[in-house]
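Structure record follows, encoded as structure tokens.
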Amino acid sequence: MNQLLDMLLIGVSAASIYALMAISMVLVWRSTRVVNFAQGGMALLSAYFGYELVSRTGNFWIALPIAMILGAAFSAFIEFFLMRTLLKHSSQGPIAAIAPIIATLGLLGVIRAGIGFIWGHGDVQFEGPLSKVGYKVGETTLFISPMGLFVIAFVVALLIVVTIVFQKTNIGLALRASAYAPEIAQLSGIRVSGVRTLGWAIAGAAGAAAGILQTVNGIGGLAPESLEFSFLLVFGFIAAVIGGLESLPGAVLGALILGLVLAFVQIYISSTLGFIIAFLLLLVVLILRPQGFLGSKASRRA
Amino acid sequence: MLKKHPLITFIIFGFILFLISNRLDELRVYQGATVAIYVIAIASLILLIGYSGQISLGHGALMAIGGYAAVLVRINYDAPVWLTFVVAVLAAALGGALLGLAAARLSGPYLAGTTLALAIGLPSIANEFSFLGGEQGFIFDVGFPPASLGEDFTQYKWYFWISWSAALIVTYWLRHVLSSRYGRSWRAVRSNDVAAELAGIHVGRNKVLAFTISAGLAGLAGALLGMTLLVSPGAFPLALSFSLATGAVLAGVTTLGGVMIGAVTLVAIPEIALAIADRYGGSETITLNLPGLLVSGLLILTVLLVPNGPVEQMHARRAKHAKSGKTSHSPVELTLRVGSKTWSTKK
Chain A
24 MNQLLDMLLI
34 GVSAASIYAL
44 MAISMVLVWR
54 STRVVNFAQG
64 GMALLSAYFG
74 YELVSRTGNF
84 WIALPIAMIL
94 GAAFSAFIEF
104 FLMRTLLKHS
114 SQGPIAAIAP
124 IIATLGLLGV
134 IRAGIGFIWG
144 HGDVQFEGPL
154 SKVGYKVGET
164 TLFISPMGLF
174 VIAFVVALLI
184 VVTIVFQKTN
194 IGLALRASAY
204 APEIAQLSGI
214 RVSGVRTLGW
224 AIAGAAGAAA
234 GILQTVNGIG
244 GLAPESLEFS
254 FLLVFGFIAA
264 VIGGLESLPG
274 AVLGALILGL
284 VLAFVQIYIS
294 STLGFIIAFL
304 LLLVVLILRP
314 QGFLGSKASR
324 RA
Chain B
428 MLKKHPLITF
438 IIFGFILFLI
448 SNRLDELRVY
458 QGATVAIYVI
468 AIASLILLIG
478 YSGQISLGHG
488 ALMAIGGYAA
498 VLVRINYDAP
508 VWLTFVVAVL
518 AAALGGALLG
528 LAAARLSGPY
538 LAGTTLALAI
548 GLPSIANEFS
558 FLGGEQGFIF
568 DVGFPPASLG
578 EDFTQYKWYF
588 WISWSAALIV
598 TYWLRHVLSS
608 RYGRSWRAVR
618 SNDVAAELAG
628 IHVGRNKVLA
638 FTISAGLAGL
648 AGALLGMTLL
658 VSPGAFPLAL
668 SFSLATGAVL
678 AGVTTLGGVM
688 IGAVTLVAIP
698 EIALAIADRY
708 GGSETITLNL
718 PGLLVSGLLI
728 LTVLLVPNGP
738 VEQMHARRAK
748 HAKSGKTSHS
758 PVELTLRVGS
768 KTWSTKK
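Protein chains in written order, with my numbering: chain A, 24 to 325; chain B, 428 to 774.
Below you can see the structure in the form of structure tokens.
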């Protein structure tokens with residue numbers, strides 16, 4: 024019984040961070056048809072922004088939203104200066120399909136080197152304001168801490184905000200229309216290129232939140248070559264693919280499935296098998312249901 | 428010369444390399460061996476990306492499979508060296524075939540993500556299992572150079588010989604394969620898979636075959652890299668997969684001709700970065716970060732400015748020059764009239 028509860032708590036708190044990461048990948052995919060493999064690096068950079076802000080202001084609650092805004096600004100900057108030029112230039116030959124992928128890898132390398140130049144190669148410590156020690160119920164310690172609870176609550180709040188923006192506002196309508204049919208959206212007066220930049224910006228903010236929460240709820244250290252953030256990228260990608268890479272609710276569902284499966288494996292089988300299981304899950308989904316659970320059939324080819 | 432007598436050209440090239448290797452110091456010989464290893468790895472990636480139209484960001488992981496297979500066979504069964512290389516090729520090809528079966532059904536971003544996941548996760552698996560040697564890994568001992576080569580034949584020169592023999596054989600063979608029936612089928616599948624299917628080419632089978640061959644070559648490169656370096660998770664980092672992608676893009680993915688450009692650049696960049704760092708006081712920050720910055724910056728610039736690689740760009744320019752004086756060589760001339768406007772392929 025206790026183990027089951029632990030599994031749920033671990034699974035959901037991990038899933039909430041994967042969900043943010045998956046959402047940022049889905050948003051970028053929907054707006055420019057690029058899977059941004061630099062998303063992990065951008066999240067890492069935003070986490071460094073958060074670290075810098077906390078050490079300047081001393082207040083995590085101010086630093087978190089500002090870091091998210093900075094992450095959004097950086098992401099929009101990348102879309103505006105790199106991706107636009109790229110999609111304009113290399114649209115011919117066999118390279119066209121892979122050029123954006125290659126470019127995001129280059130971006131990842133530049134970001135890592137930049138972080139190394141500014142903050143050095145050693146680990147920096149970035150701790151949150153809340154305790155990471157689990158709540159006690161009687162004799163047993165649960166796997167959920169004040170920090171973990173905050174992570175879940177914050178992500179749920181963000182998801183509600185994103186849902187409202189997408190479903191109830193004109194901006195959300197423009198975002199959905201440009202993703203669904205760019206030409207028609209353009210014809211009906213939406214500035215699709217601007218909307219694309221906006222999509223990247225929201226993705227940058229979500230990635231920034233994922234990076235910061237992952238750090239303060241995890242080991243509390245940051246390094247340019249962080250393996251943790253590489254795995255964050257991979258798990259975000261897997262969650263997005265499970266959900267169909269097109270759909271925001273799908274991304275959240277995929278993150279929940281991935282988080283719970285990983286928690287189950289970690290508690291009942293072995294903690295070393297995590298990556299192998301996640302990879303097998305990815306392969307199984309891609310082979311059996313390549314359009315994901317909430318994606319349309321046509322979305323696979325692009 | 429290359430077109431008419433490829434075998435002779437390759438043999439002459441090998442002989443020149445042999446002469447050069449006698450005049451270089453140890454460090455350069457070692458770097459020369461590394462160039463040969465990159466030549467194999469990049470060629471395998473060019474086969475995959477440029478000819479079969481699939482992408483792999485996980486060739487570092489496939490190299491790791493080859494390296495580990497070779498060293499495990501060498502240590503546990505004391506197999507002869509040539510056999511360990513064969514095992515490396517077969518093991519990586521098997522891994523590639525399994526991956527290729529899934530890959531044949533996937534398009535660009537999905538395949539990129541899946542192979543990237545493999546490149547990130549696979550090296551860390553070696554840390555978890557003790558029979559894979561953990562963090563410090565294994566030394567892949569290929570033995571001393573044969574005594575008949577003389578007293579002053581060093582270990583590094585032996586590596587150089589082995590690596591370059593492998594690289595020359597691989598490129599010669601690949602040149603042959605790529606201009607054969609298989610190469611043509613792959614290009615057909617890449618250009619238009621529906622048309623290829625209609626022409627009787629089995630698309631899925633061809634994609635899996637390309638992936639298998641490419642993985643096998645990557646495995647060979649991995650075993651060679653393990654020989655010169657170590658077989659450990661640190662020898663096959665994520666950065667290796669990225670470097671290979673960079674090398675392939677620099678070489679130009681559509682032709683095997685630029686493969687040397689990619690390989691030499693990858694080996695030269697850390698050297699250049701070190702030289703620059705020395706000039707500016709040799710601070711640790713610069714030495715550690717500059718190679719990564721140069722590789723990534725070069726990657727972005729190449730994709731932006733010469734997306735098809737410098738060699739292809741040169742060919743395209745020359746073709747344009749040759750054409751500009753004469754009339755169109757196009758065998759079919761099309762003219763399209765709509766209203767008062769006319770479009771034509773005729774110049």
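Think of the CB as a built atom: it goes at the ideal place given N, C-alpha and C, for glycine as much as any other residue.
Using a Cβ-Cβ distance under 7 angstroms, would residue i count as near chain B?
i: A:VAL133; result: yes
i: A:VAL343; result: A question about residue 343 of chain A goes unanswered here, because the residues of chain A that appear run from 24 up to 325.
i: A:ILE183; result: no
i: A:ILE124; result: yes
i: A:VAL354; result: Lying outside 24 to 325, the shown extent of chain A, residue 354 of chain A is not represented and no answer is given.
i: A:PHE166; result: no
i: A:ALA363; result: In the structure as shown, chain A starts at 24 and stops at 325, and residue 363 of chain A therefore has no counterpart that could be examined.
i: A:THR295; result: yes
i: A:PHE298; result: yes
By Cβ distance below 7 angstroms, which residues in the same chain neighbour residue i in space, the five residues on each side in sequence not counted?
i: A:TYR74; result: VAL147, PHE149, LEU245
i: B:ARG617; result: TYR478, SER479, GLY480
i: A:LEU196; result: none
i: B:GLY610; result: TYR478, VAL604
i: B:ILE547; result: LEU665
With distances taken from CA atoms, which of the options is nearest residue i?
i: B:ASN449; options: B:TRP585, B:ASN619, B:LEU644, B:ILE696; result: B:TRP585
i: A:ILE124; options: B:LEU525, B:SER483, B:LEU533; result: B:SER483
i: B:GLY649; options: B:PHE663, B:LEU636, B:ILE640; result: B:PHE663
i: B:PRO734; options: B:ALA637, B:PRO550, B:TYR537, B:THR681; result: B:THR681
i: A:GLY241; options: A:MET48, A:ALA202, A:ILE33; result: A:ILE33
i: B:THR542; options: B:GLY523, B:ALA470, B:ALA695; result: B:GLY523
i: B:ALA672; options: B:THR436, B:PHE445, B:GLU739, B:ILE469; result: B:ILE469
i: B:LYS634; options: B:LEU525, B:GLY441, B:LEU444; result: B:LEU525
i: B:VAL456; options: B:GLY577, B:LEU677, B:GLN582, B:LEU545; result: B:GLN582
i: B:LEU489; options: B:GLU453, B:GLY527, B:SER575; result: B:GLY527
i: A:ASN82; options: A:GLY151, A:ILE121, A:GLY267; result: A:GLY151
i: B:ALA539; options: A:ILE292, A:HIS144, A:ILE261, A:PRO272; result: A:ILE261
Leaving out five residues on either side along the sequence, give the residues of the same chain with a beta carbon under 6 angstroms from the beta carbon of residue i.
i: B:VAL500; result: ALA506, THR511, VAL514
i: B:ALA693; result: A quick correction: the sequence has Leu, not Ala, at residue 693 of chain B. These residues qualify, in order along the chain: TYR465, SER670, GLY674.
i: A:LEU50; result: GLY222, ILE225, ALA226
i: A:LEU236; result: ILE40, VAL174
Using a C-beta cutoff of 7 angstroms, does residue i count as contacting chain A?
i: B:ILE547; result: yes
i: B:GLY719; result: yes
i: B:ALA496; result: no
i: B:PHE442; result: no
i: B:LYS753; result: With a pLDDT of 46 at B:LYS753, under the threshold of 50, the modelled position of this residue cannot be trusted; read the value that follows with caution. Judged by the 7 angstroms Cβ criterion, B:LYS753 is not in contact with chain A.
i: B:ALA642; result: no
i: B:VAL676; result: yes
i: B:THR682; result: no
i: B:PHE445; result: no
i: B:LEU715; result: yes
i: B:ALA544; result: yes
i: B:ARG710; result: In the sequence as presented, Arg is not what sits at residue 710 of chain B; that position holds Ser. By this cut-off, B:SER710 is not an interface position.
i: B:GLU555; result: yes
i: B:SER723; result: yes
For residue i, I'd like the list of residues in its chain whose CB is within less than 8 angstroms of its CB, leaving aside the five on either flank, ordered along the chain.
i: B:ALA615; result: ALA622, ALA623, ALA626, ILE628
i: A:LEU93; result: SER69, PHE72, ALA231
i: A:ILE85; result: LEU76
i: B:VAL722; result: PHE669, SER670, THR673, LEU693, ILE696
Given the structure, does residue i come close to the ligand ATP, in the sense that its CB is under 6 angstroms from one of the ligand's heavy atoms?
i: B:ILE688; result: You won't find the ligand ATP in this model; it holds no ligand whatsoever.
For this session: Residues of the segment 522-542 of chain B with a CB closer than 7 angstroms to any CB of chain A: list them in chain order, please.
Result: Here the close residues are ALA529, ARG532, LEU533, SER534, GLY535, PRO536, TYR537, ALA539, GLY540, THR541.
Problem set entry | Chain-ordered residues of the segment 87-114 of chain A with a beta carbon less than 8 angstroms from chain B | Within the segment 87-114 of chain A, the residues whose Cβ lies closer than 8 angstroms to some Cβ of chain B are LEU105, THR108, LEU109, HIS112, SER113, listed in chain order.
For this session: Spell out a yes or no on whether the segment 298-313 of chain A and the segment 529-536 of chain B are touching, meaning 3 or more CB-CB pairs, one atom from each, closer than 8 angstroms.
Result: Two segments are said to touch when three or more pairs of C-beta atoms, one from each, lie closer than 8 angstroms; by this definition the segment 298-313 of chain A touches the segment 529-536 of chain B.
Exercise. Is the segment 273-292 of chain A touching the segment 56-73 of chain A in the sense that three or more CB pairs, one from each, lie closer than 8 angstroms?
Worked result: no
Problem set entry | Proximal residues, the segment 261-286 of chain A versus chain B, C-beta separation under 9 angstroms | Within the segment 261-286 of chain A, those residues whose Cβ lies closer than 9 angstroms to any Cβ of chain B are, in chain order, ILE261, ALA263, VAL264, LEU268.
Exercise. At a cut of 8 angstroms, does the segment 28-43 of chain A reach the segment 174-181 of chain A through at least three beta carbon pairs?
Worked result: yes
Problem set entry | Touch test, the segment 203-213 of chain A against the segment 59-74 of chain A, Cβ-Cβ under 8 angstroms, three pairs minimum | no
Problem set entry | Residues within the segment 220-254 of chain A neighbouring chain B, beta-carbon criterion of under 9 angstroms | PRO247, GLU248, LEU250, SER253, PHE254
Problem set entry | the segment 590-601 of chain B in contact with the segment 456-471 of chain B per 3-pair CB rule at 8 angstroms | yes
For this session: Could you list the residues in the segment 37-64 of chain A with a C-beta less than 7 angstroms from some C-beta on chain B, going in chain order?
Result: Residues VAL58, PHE60.
Exercise. Is there contact here, the segment 256-276 of chain A with the segment 297-304 of chain A, by at least three beta-carbon pairs under 8 angstroms?
Worked result: yes
Problem set entry | Residues within the segment 725-739 of chain B neighbouring chain A, beta-carbon criterion of under 7 angstroms | LEU726, ILE727, VAL730, LEU731, PRO734, ASN735
Problem set entry | Positions along the segment 655-675 of chain B whose CB lies within less than 7 angstroms of some CB in chain A | Of all residues in the segment 655-675 of chain B, only LEU665, PHE669, ALA672 place a beta-carbon less than 7 angstroms from a beta-carbon of chain A.
Exercise. Taking contact to mean at least 3 C-beta pairs separated by less than 8 angstroms, is the segment 80-96 of chain A in contact with the segment 157-167 of chain A?
Worked result: no
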